[in-house]
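In our numbering, the protein residues as written are 1 to 479.
Positions of the beta carbon are idealized from the N, C-alpha and C atoms, including for glycine.
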């Protein structure tokens with residue numbers, strides 16, 4: 001009997017100890033961890049060994065122990081990161097106890113091969129914590145190749161970028177007023193998601209046929225080669241000083257550039273009166289491809305453009321708004337957007353805007369000239385005129401192929417020798433080959449009155465003959 005009582009006593013003692021141990025954990029479903037940071041960012045560029053280690057702290061602010069059901073990397077075994085938790089190197093650890101009012105360090109190590117060009121330039125993951133059914137995470141960011149990192153930087157002095165290694169723009173950048181950024185041929189500039197190149201000063205991007213300057217997204221996997229909307233674009237801006245003097249970007253050059261996969265490829269804002277005799281930006285021999293909004297977006301600016309391909313944009317390939325002055329020569333504007341049902345034409349001309357009070361403000365469209373161009377796409381009408389005709393609205397199409405509604409009246413001062421709705425005959429636009437095929441309608445259809453430098457040389461540096469072709473490419477060996 002004594003033995004039986006002893007066994008019962010031992011049983012209840014063990015039960016009580018076990019119960020006490022269970023009760024020491026805080027099980028409140030609202031209980032959450034605190035952290036020393038919400039993002040662990042590796043600013044080091046991995047030029048050699050490709051690894052680095054950082055840490056963050058996890059806090060339990062409560063008076064009871066918290067049991068963390070799991071601490072894991074969101075990408076699991078596919079992650080470039082590893083964790084070290086309580087001396088254990090892992091990608092996931094379960095049932096981690098954190099005592100009341102206590103904290104612990106979690107070490108994060110990243111391994112990236114900087115020579116592997118298939119790796120993304122920005123490596124991202126997160127550490128996920130599950131506690132009493134709550135999920136929290138800490139973001140992990142690392143830079144995975146040998147790049148010049150431009151992280152939210154303002155360039156305040158004249159600067160030259162060379163092609164010795166790529167540039168990665170993270171959290172956007174600004175070229176300040178009165179400052180020139182000179183980018184040499186062959187330079188590659190990659191932009192992280194939502195990042196933009198703002199220019200209040202001057203951008204000189206002079207590439208060449210063999211070594212264009214590349215502006216594109218930072219995801220280098222082939223899946224992302226032609227995906228639009230991965231960064232914000234290039235913005236030639238204006239601003240006001242404290243005494244309300246408006247100043248803005250001027251004398252910009254984009255020559256032999258490739259601008260891909262952004263929201264708006266090139267945006268030029270309202271120009272100051274004293275700069276109206278010189279273009280806000282000259283764009284030449286440049287490809288602007290795969291924008292989910294607009295290829296070239298002018299807002300009361302002066303843009304001069306020749307030998308360019310502007311293609312595959314979700315809204316407009318070229319949007320001319322708030323008036324201004326625009327000259328397009330030998331440009332191929334081709335829009336067969338496939339990602340959604342595009343509702344807007346390739347080219348928009350506009351001479352007004354509606355202010356915050358709902359009042360229409362007219363801005364003169366002093367010039368919108370298209371000579372020896374191709375404007376074509378998969379809509380019935382690829383040119384739209386949005387005008388308040390009480391204001392100036394000057395536009396002119398000459399020796400240009402237009403995809404327009406048959407009802408459009410082209411027998412007036414705005415048109416001279418236009419070709420309506422003929423298929424241009426491009427080689428293979430689906431793989432970004434916008435040159436003319438051997439039977440192209442555009443051969444010999446150009447106006448030779450502008451056949452002088454620089455318009456007598458095409459995007460491939462071929463000389464145009466005495467009867468030039470339409471668009472950016474001159475068909476060779478046929479004449």
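Option nearest residue i by Cα separation, candidates the options
{"i": "residue 301", "options": "314, 320, 287, 311", "result": "320"}
{"i": "residue 199", "options": "55, 157, 309", "result": "157"}
{"i": "residue 169", "options": "43, 464, 437, 257", "result": "43"}
{"i": "residue 140", "options": "448, 147, 269, 109", "result": "109"}
{"i": "residue 27", "options": "453, 76, 100", "result": "100"}
{"i": "residue 270", "options": "306, 202, 323, 229", "result": "323"}
{"i": "residue 219", "options": "196, 261, 185", "result": "261"}
{"i": "residue 133", "options": "82, 229, 31, 210", "result": "31"}
{"i": "residue 312", "options": "356, 453, 382", "result": "382"}
{"i": "residue 253", "options": "243, 266, 226", "result": "266"}
{"i": "residue 213", "options": "332, 234, 188", "result": "188"}
{"i": "residue 79", "options": "92, 342, 88", "result": "92"}
{"i": "residue 416", "options": "429, 399, 422", "result": "399"}
{"i": "residue 226", "options": "432, 453, 463, 459", "result": "432"}
{"i": "residue 330", "options": "376, 264, 446, 394", "result": "446"}
{"i": "residue 230", "options": "210, 71, 195", "result": "195"}
{"i": "residue 209", "options": "145, 286, 389", "result": "286"}
{"i": "residue 179", "options": "154, 167, 193", "result": "154"}
{"i": "residue 255", "options": "173, 367, 215", "result": "215"}
Helix, strand or coil at residue i according to DSSP, with G and I counted as helix
{"i": "residue 185", "result": "coil"}
{"i": "residue 465", "result": "coil"}
{"i": "residue 459", "result": "coil"}
{"i": "residue 337", "result": "coil"}
{"i": "residue 232", "result": "coil"}
{"i": "residue 111", "result": "strand"}
{"i": "residue 478", "result": "Any reading at residue 478 needs caution, since the residue's pLDDT is 47, under 50, leaving its predicted position unreliable; the model's value is listed next. Coil."}
{"i": "residue 472", "result": "coil"}
{"i": "residue 449", "result": "helix"}
{"i": "residue 430", "result": "helix"}
{"i": "residue 224", "result": "helix"}
{"i": "residue 399", "result": "strand"}
{"i": "residue 379", "result": "coil"}
{"i": "residue 274", "result": "Low per-residue confidence applies at residue 274: pLDDT is 46, beneath 50, and the placement is therefore not dependable, though the value from the model is reported in the following sentence. Looking at residue 274 - three-state DSSP - the assignment turns out to be helix."}
{"i": "residue 313", "result": "strand"}
{"i": "residue 94", "result": "strand"}
{"i": "residue 354", "result": "strand"}
{"i": "residue 389", "result": "coil"}
{"i": "residue 319", "result": "strand"}
{"i": "residue 289", "result": "strand"}
{"i": "residue 439", "result": "coil"}
{"i": "residue 294", "result": "strand"}
{"i": "residue 421", "result": "coil"}
{"i": "residue 404", "result": "coil"}
{"i": "residue 332", "result": "strand"}
{"i": "residue 164", "result": "coil"}
{"i": "residue 344", "result": "coil"}
{"i": "residue 410", "result": "coil"}
Contact under 9 Å by Cβ, residue i with residue j
{"i": "residue 317", "j": "residue 284", "result": "no"}
{"i": "residue 397", "j": "residue 441", "result": "no"}
{"i": "residue 418", "j": "residue 439", "result": "no"}
{"i": "residue 123", "j": "residue 74", "result": "no"}
{"i": "residue 204", "j": "residue 197", "result": "no"}
{"i": "residue 339", "j": "residue 228", "result": "yes"}
{"i": "residue 98", "j": "residue 148", "result": "no"}
{"i": "residue 67", "j": "residue 135", "result": "no"}
{"i": "residue 464", "j": "residue 443", "result": "no"}
Residue range of the unbroken beta strand (DSSP E) whose run includes residue i
{"i": "residue 196", "result": "196 to 199"}
{"i": "residue 55", "result": "51 to 59"}
{"i": "residue 30", "result": "Unbroken run through residue 30: none, as it is neither H nor E."}
{"i": "residue 434", "result": "433 to 436"}
{"i": "residue 124", "result": "122 to 131"}
{"i": "residue 350", "result": "347 to 350"}
{"i": "residue 65", "result": "Unbroken run through residue 65: none, as it is neither H nor E."}
{"i": "residue 170", "result": "167 to 175"}
{"i": "residue 88", "result": "88 to 90"}
{"i": "residue 264", "result": "264 to 268"}
{"i": "residue 137", "result": "134 to 143"}
{"i": "residue 85", "result": "81 to 85"}
Paired residues, beta bridge with residue i - DSSP
{"i": "residue 301", "result": "The partner list for residue 301 (beta bridge, DSSP) is empty, contrary to what the question assumes."}
{"i": "residue 368", "result": "326"}
{"i": "residue 151", "result": "170"}
{"i": "residue 284", "result": "255, 306"}
{"i": "residue 76", "result": "The partner list for residue 76 (beta bridge, DSSP) is empty, contrary to what the question assumes."}
{"i": "residue 416", "result": "398"}
{"i": "residue 213", "result": "257"}
{"i": "residue 361", "result": "353"}
{"i": "residue 41", "result": "141"}
{"i": "residue 206", "result": "255"}
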